[in-house]
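Accompanying notes for the structure given below.
Here it is in structure tokens:
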């Protein structure tokens, strides 16, 4: 009889907390605008650089991959330090918002300048120009995204309400994925005298309206609801994070799943753009970019639908089983890719999105939720909350995985003999290799994830026991303090 009473008490307490810490619609919309800007900061450079710098200007794909990777690595190194600065900054405008406002306009300036490269320069000059201004842009983006992410966690002290807030921002991320692949086709419209003119208008449009305007809205209308004490804590170091990694089996499993999808899955998925342009559209970059835009829209549209479906599925059958079903569906999707990405099968391109968008939504919904479960288990074992170490490790692994995916893509394109200068006259063996990487790679990485997931131990029953134990411990401590 004690269990229902315990659950009832917890439910009443939770309801009172939610009511007292409600987040307004204006604050949610402002945060969503900020996350929309973060999405474009993460995706728009590569979305424009590959068709412009590589396919149009002819920059070597491996060198461009290095140039795209360097800013990601730098942002990874800066992340904990930027978070530390933001944690301990004091002003009448708050700790996070001044960073967000200033960094948003710095992003605006440097993003626009990336696309101002003179067309008459040589390959090395084009590459160096891109490296310099993309580095500056990603440094500014780190100062925008890290405080923004911290702000999203601080909007509510209630765990479930935080999940609702992050679910709300997921829709803005999906909206970004619906739009970003249309940037280069937009730059190729006939209204512009050339693609060099179009890329500048599009670049500055994104810079001003997405980074500048939306970043300003996020800084002005988001509020730091939860205020922590001014005690100074050192930033999480790489050594401390790796030590935590070595002692937590569940964390290792989730990080391996992250690497397999964010590095392996992203690497294989990068081949679809090249197949759409050089295999299906016969080297027509404009037409291939339109195909890619439609594919991205299909992924985003189905992605919107998967958010509530995955939430309901994980609630009904458990997060682990939900992930297993998603990975199995991805294996089927990988098999279908072999037949879809051909001149005869591209009309079924929407099926690729239907089958494979689930795993990307899971990366932003289920994996972070399971990370939170591990934090609870860690608190029960060690008596302290260490979200900082967990978040830092996950951020490092995610960024390094993205960098690895870019490097693998650039190296593979050179290895299989791809040459952008050949346009439609690509070696048939190169096209075959791209199809194999896209289809077989997707299947292999999903199957590996299924095997690794078998080692994860925190199911719904275990998490409920941990939550009950933590709640009982906190009540006992409160009772001791009152005495």
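Residue numbers (the working numbering): 4 to 486.
Beta carbons: idealized from backbone N, C-alpha and C, even for Gly.
Predicted model, so just to flag it, every value in this text is computed and none were measured.
In the DSSP annotation of this structure, the continuous segment of the alpha helix (DSSP H) that includes residue 45 starts and ends at 28 to 52.
Our two residues, residue 44 and residue 93, have alpha carbons roughly 26 Å apart in a direct line. Only buried fits residue 30, as 16 or more other CB atoms lie within 10 angstroms of its CB. Annotation: residue 348 is outside any alpha helix (DSSP H) and is labelled neither H nor E by DSSP. Distance from residue 145 to residue 78 at the Cβ level is roughly 4 Å; contact confirmed, criterion being Cβ atoms closer than 8 Å. Closest by C-alpha distance to residue 462, out of 333, 253 and 336, is 253. For residue 455, the closest C-alpha among the options 213, 141 and 263 is that of 263.
Between residue 366 and residue 321, the alpha-carbon positions lie close to 16 Å from each other.
Inter-residue distance for residue 197 and residue 414 is about 30 Å (C-alpha atoms, whole angstroms). The stretch 353 to 436 contains, as complete alpha helix (DSSP H) runs of 4+ residues, the segments 390 to 418 (chain order).
In the DSSP assignment, residue 275 falls within the unbroken alpha helix (DSSP H) covering 274 to 277. Of the candidates 280, 299 and 46, the residue whose Cα lies closest to the Cα of residue 427 is 280.
Proximity to residue 183 across 469, 40, 396 and 34 peaks at 40, based on C-alpha coordinates.
One thing to note: residue 175 has its Cβ within 8 Å of the Cβ of residue 38. Excluding residues up to 5 positions away in sequence, 68 and 72 lie with their Cβ nearer than 6 Å to the Cβ of residue 410 in the same chain. Here residue 96 carries a coil assignment [DSSP, helix/strand/coil].
With respect to the C-alpha of residue 431, the residue from 374, 405, 440 and 420 having the closest C-alpha is 420. Around the beta carbon of residue 119, fewer than 16 other beta carbons sit within 10 angstroms, so the residue counts as exposed. Taking 8 Å as the cut-off, the Cβ atoms of residue 191 and residue 50 do not count as close. Taking 8 Å as the upper bound for CB-CB distance, residue 334 and residue 446 are in contact here, some 5 Å apart. Runs of the alpha helix (DSSP H) lying entirely within the stretch 251 to 307, each at least 4 residues long, are 252 to 262, 269 to 272 and 274 to 277 in chain order.
When 199, 85 and 304 are compared, the shortest CA-CA separation from residue 116 is found for 199. Note on residue 298: 16 or more other CB atoms within 10 angstroms of its CB, so buried under the neighbour-count rule.
In the DSSP assignment, residue 188 falls within the unbroken alpha helix (DSSP H) covering 186 to 190.
For residue 425, the number of other beta carbons within 10 angstroms of its own is below 16, and it is reported as exposed. An exposed status is given to residue 347, since fewer than 16 other beta-carbon atoms sit within 10 Å of its beta-carbon. By the neighbour-count criterion, in which a residue is buried when 16 or more other Cβ atoms sit within 10 angstroms of its Cβ, residue 177 is buried.
Put simply, the backbone Cα of residue 400 is about 13 Å away from that of residue 370. Taken through DSSP and simplified to helix, strand or coil, residue 226 comes out as coil. The DSSP-derived three-state label of residue 169 is helix. The alpha-carbon separation between residue 212 and residue 32 amounts to approximately 16 Å. Of the residues 123, 129 and 122, the one whose Cα lies closest to the Cα of residue 66 is 129.
A direct Cα-to-Cα measurement between residue 96 and residue 444 gives close to 48 Å. Under the rule that a run must span 4 or more residues, the alpha helix (DSSP H) segments found entirely inside the stretch 78 to 150 read 100 to 117.
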